[in-house]
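Reading through the structure tokens given below for one structure.
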Amino acid sequence: MKNKKFQGLVGLALIASLVNPLPWFENVNLLDSVKVLAAEEDTPPEDIEEPDARELQVLNQLDAKLSEFEEYLNANNTEEAQYFLEDEKENIERWLTATSKTARGQASAKRWNSLLARHNGTGDVTPKPVITTKDVTTTVDIDFTTTRVASVTMEEGKEVITTPGVKGVRTIIYTVTYTDGVETNRTEKSNVVTKEPVNQVVTYGTKKPEVTPTVTTTEETKTEVVPFTEIRENDPNLEAGKEVVATEGKNGVRTIVYTVTKKDGTETGRVVKSDTITTPAVNKVIKVGTKKPAVPVVTTEEVSETKSVPFETIRENDPNLEAGKEVVATEGKNGVRTIVYTVTKKDGTETGRVVKSDTITTPAVNKVIKVGTKKPVVPVVTTEEVSETKSVPFETIRENDPNLEAGKEVVATEGKEGVRTIVYTVTKTDGVETSRVVKSDTITTPAVNKVIKVGTKTTTSPVVTTEEVSETKPVPFETIREEDPNLEAGKEVVAAEGKEGVRTIVYTVTKTDGVETSRVVKSDSVTTPAVNKVIKVGTKTTTSPVVTTEEVSETKPVPFETIRENDPNLEAGKEVVAAEGKEGVRTIVYTVTKIDGVETGRVVKSDTITTPAVNKVIKVGTKRSVATPVATAKENKSKTENKNKTKVVDGKVLPETGEQSSGLAVIGLTLLVGLLTFVKNKRKKS
């Protein structure tokens with residue numbers, strides 16, 4: 001029974017490697033042709049299922065956590081083991097439930113229970129697992145390539161396979177380790193090409209038949225519509241607000257004649273021969289009334305007004321962002337709220353405004369800020385010095401030799417390459433190289449220049465001079481690839497651009513009679529070190545989160561507006577509140593998305609006015625008051641003038657300052673009459 005169960009588990013592991021081979025082989029395509037040579041394979045029990053790709057990933061995480069817990073128990077570190085249970089127990093039990101129908105999941109459950117018993121002091125030490133190994137051989141087809149060869153003697157459109165292709169075979173042998181009958185490791189033992197592929201050669205024709213093309217020319221006529229224009233004319237005899245079509249518009253016709261050239265029936269040229277308006281368009285004439293009616297004209301119209309809907313700021317925890325950091329994931333954007341009013345006008349002056357509709361036409365986009373909650377991990381940083389040598393090429397120097405006959409050349413010194421030593425300071429983080437800086441760059445063995453003596457023997461003594469000449473050469477930068485655990489696997493980002501350095505070479509140049517005869521390297525050093533190019537390579541692996549959605553409702557008040565209406569029955573200057581304002585209710589329904597129970601998104605599903613606001617209405621008096629007459633012709637005249645000076649400002653009837661002047665005039669006349677009476681009585685007494 002044990003042997004059959006073991007064989008069944010082996011069969012399950014092999015089938016899993018066929019169904020989802022990517023965890024075993026990253027760069028080999030086994031889906032085209034895979035042959036598995038195994039021992040006896042029995043049908044697995046019905047209660048055991050093959051793990052899919054997600055379950056395999058969960059099982060790997062589960063094994064790692066159980067090994068970590070076992071290390072604490074083996075070290076008798078009960079404090080760390082207790083902390084581990086507080087942090088990871090819930091996750092481990094959830095993973096065990098998710099993989100309970102797989103062989104590895106059931107084995108992990110037994111292991112977990114055994115470890116818990118050890119921790120609680122109620123169980124024995126974990127039994128030693130049964131470990132076995134076996135070699136598994138697989139073969140993979142190697143596709144052949146197809147080469148196409150053109151033939152000028154073969155007719156175009158024909159193809160012939162001159163060499164048929166044959167696929168090759170690659171044989172891979174793996175050493176598979178099983179723990180308690182479950183595969184726990186797979187190592188490639190050998191990988192050889194047992195049969196080389198034979199490439200396929202296809203010959204195709206490029207020879208075209210010789211045919212004399214047939215060229216023809218024809219005329220084609222095309223008509224296009226000439227649209228009419230609309231003309232609006234004011235009509236003083238037509239009532240204002242009315243419009244009458246005096247002349248109906250009619251489109252015209254434009255005729256275009258083309259000369260078309262065709263070669264073997266295919267159009268190769270088109271030229272406009274003529275382009276004329278054969279039927280002119282008749283413009284549409286609309287009479288617009290401008291005659292003012294004797295009676296007041298009351299009109300209603302709809303007026304739209306837009307207001308901004310402020311966005312909200314949502315702060316979301318991000319376990320992949322370092323604690324203390326915040327990043328704006330989505331910029332906020334105000335929405336648009338459209339209010340449609342029904343406006344009533346009398347003789348063009350607004351007398352009433354009622355809200356017809358109030359809707360959110362463009363929902364606001366909330367601003368999302370990611371708040372880092374990731375605990376920083378202190379990396380292990382080490383530095384070391386690494387030396388590298390490069391060859392320094394020698395130069396060929398031609399030196400004039402006054403003792404050698406002119407026209408002759410002799411090699412005086414054979415050239416020999418020198419050695420340039422570069423010392424780098426290499427920085428590693430957790431054992432991975434993260435930085436490489438040039439510490440020194442020196443010529444440890446100068447190159448020996450090849451010297452050729454050139455005969456210049458003459459009867460006169462030459463003039464020999466020496467000078468120093470500098471030359472700069474670029475120092476190429478290197479490209480360093482650094483692993484980044486915070487970047488998704490498969491992605492690469494250039495963290496620092498590379499920059500070439502500068503190498504300065506100083507020569508001692510010798511000239512004879514103004515002609516260079518010798519050049520010797522005096523110094524060769526890197527004056528500006530190169531800056532290496534750094535590429536971040538993502539290694540972050542993602543686990544499938546638990547995503548849930550729910551609807552959340554929120555209500556907000558809709559403020560009412562204050563409308564002022566003229567009232568001809570209310571005395572001018574008085575105002576009465578006819579209707580008290582009342583705020584409405586606006587209901588917003590959000591679709592909230594949560595990942596692992598944490599809100600990550602909030603989208604407006606609906607935004608409606610569930611209870612419209614009741615506007616506050618204030619009646620403004622425009623009734624003209626009748627003053628008590630005074631038996632003075634001058635005062636009556638003043639009242640008549642003031643009555644004619646009443647004006648309307650913004651729909652309100654306001655009195656001019658003429659009535660105040662009339663009151664002052666009456667007071668002045670009364671004082672004058674009293675003064676004259678007083679003077680008259682005083683004269684009588686005298």
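Note that the UniProt record's numbering numbers the sequence shown so that position 333 is 333, with each residue one more than the last.
We put the beta carbon where it would ideally sit given N, CA and C, even for glycine.
How big is the Cα-Cα spacing for residue i and residue j?
i: L579; j: D347; result: Strictly speaking, residue 579 in this sequence is Ala, with Leu absent from that position. The alpha-carbon atoms of A579 and D347 are separated by roughly 25 Å.
i: K574; j: I360; result: 38 Å
i: V547; j: V438; result: 49 Å
i: D596; j: L85; result: 20 Å
i: R481; j: V152; result: 50 Å
i: K408; j: V454; result: 6 Å
i: V653; j: T587; result: Summary for V653: the model assigns pLDDT 39, below 50, so the residue's position carries little reliability, and this model does not support an answer.
i: L675; j: I667; result: 12 Å
i: Q200; j: T138; result: 25 Å
i: A412; j: R519; result: 14 Å
i: T212; j: T266; result: 14 Å
i: Y83; j: L66; result: 14 Å
i: A103; j: E49; result: 7 Å
i: E301; j: T600; result: 45 Å
i: E385; j: T442; result: 15 Å
i: G501; j: T466; result: 29 Å
i: T508; j: S440; result: 24 Å
i: P629; j: T670; result: Only weak support is given to the placement of P629: the predicted model assigns it a pLDDT of 45, under 50, and the value that follows is read from those uncertain coordinates. Those two C-alpha atoms are separated by around 15 Å.
i: N29; j: L56; result: Because the pLDDT of N29 is 38, which lies under 50, any placement of that residue in the model is unreliable, and the question is left without a value.
i: P568; j: V617; result: 15 Å
i: L321; j: I173; result: 43 Å
i: D524; j: G431; result: 34 Å
i: residue 695; j: A81; result: A question about residue 695 goes unanswered here, because the residues of the chain that appear run from 1 up to 686.
i: K645; j: R624; result: Confidence at K645 is low in this model, with a pLDDT of 38, below 50, so the placement of that residue is unreliable and no value is reported for it.
i: V673; j: E565; result: 46 Å
i: K428; j: G538; result: 17 Å
i: P45; j: L96; result: Residue confidence for P45 is low, a pLDDT of 48 falling below 50, so the modelled location carries little weight; the figure read from the coordinates is stated next. Near 19 Å, if we compare the C-alpha coordinates of L96 and P45.
i: F312; j: V365; result: Before going on, a small fix: residue 312 reads as Glu here, not Phe. So the two alpha carbons sit approximately 8 Å from each other.
i: I92; j: Y72; result: 16 Å
Beta strand (DSSP E) containing residue i: first to last residue?
i: G105; result: Per DSSP, G105 belongs to no beta strand (DSSP E); it is in the alpha helix (DSSP H), 103-120.
i: D318; result: 313-322
i: D607; result: 598-611
i: E284; result: The question names Glu, yet the displayed sequence has Lys at residue 284. 284-291 is the extent of the beta strand (DSSP E) around K284.
i: P557; result: 547-558
i: N251; result: Note, N251: premise wrong, no beta strand (DSSP E); not H, not E.
i: P474; result: 464-475
i: N237; result: 230-239
i: V226; result: 215-226
i: R148; result: 146-155
i: P568; result: 562-571
i: T342; result: 335-346
i: N191; result: 182-195
i: K582; result: From DSSP, K582 is part of no beta strand (DSSP E); its letter is neither H nor E.
I'd like to know whether the C-beta atoms of residue i and residue j end up nearer to each other than 8 Å.
i: D135; j: K189; result: yes
i: P476; j: A530; result: yes
i: K540; j: A489; result: yes
i: V309; j: V340; result: no
i: N449; j: I505; result: no
i: T261; j: T255; result: no
i: V392; j: A447; result: yes
i: T610; j: V585; result: yes
i: I563; j: R353; result: yes
i: T342; j: K333; result: no
i: D180; j: P129; result: yes
i: P402; j: T472; result: no
i: V282; j: F228; result: yes
i: I422; j: E388; result: yes
i: A496; j: V463; result: no
i: V58; j: A107; result: no
i: K273; j: V257; result: yes
i: K605; j: E551; result: yes
i: V469; j: E399; result: no
i: N251; j: V285; result: no
Identify the continuous alpha helix (DSSP H) that holds residue i and give its terminal residues.
i: V58; result: 53-74
i: N91; result: 78-98
> Does the segment 316-325 come close enough to the segment 293-300 to have 3 or more Cβ pairs within less than 8 Å?
Replying inline: no
> Is the segment 193-202 in contact with the segment 168-176, if contact means three or more CB pairs nearer than 8 Å?
Replying inline: yes
>> Check whether the segment 201-216 and the segment 236-255 are in contact - that is, three or more C-beta pairs closer than 8 Å.
In response: no
> In chain order, which beta strand (DSSP E) runs of at least 3 residues are fully inside the segment 364-433?
Replying inline: 367-374, 381-392, 396-401, 409-413, 418-429
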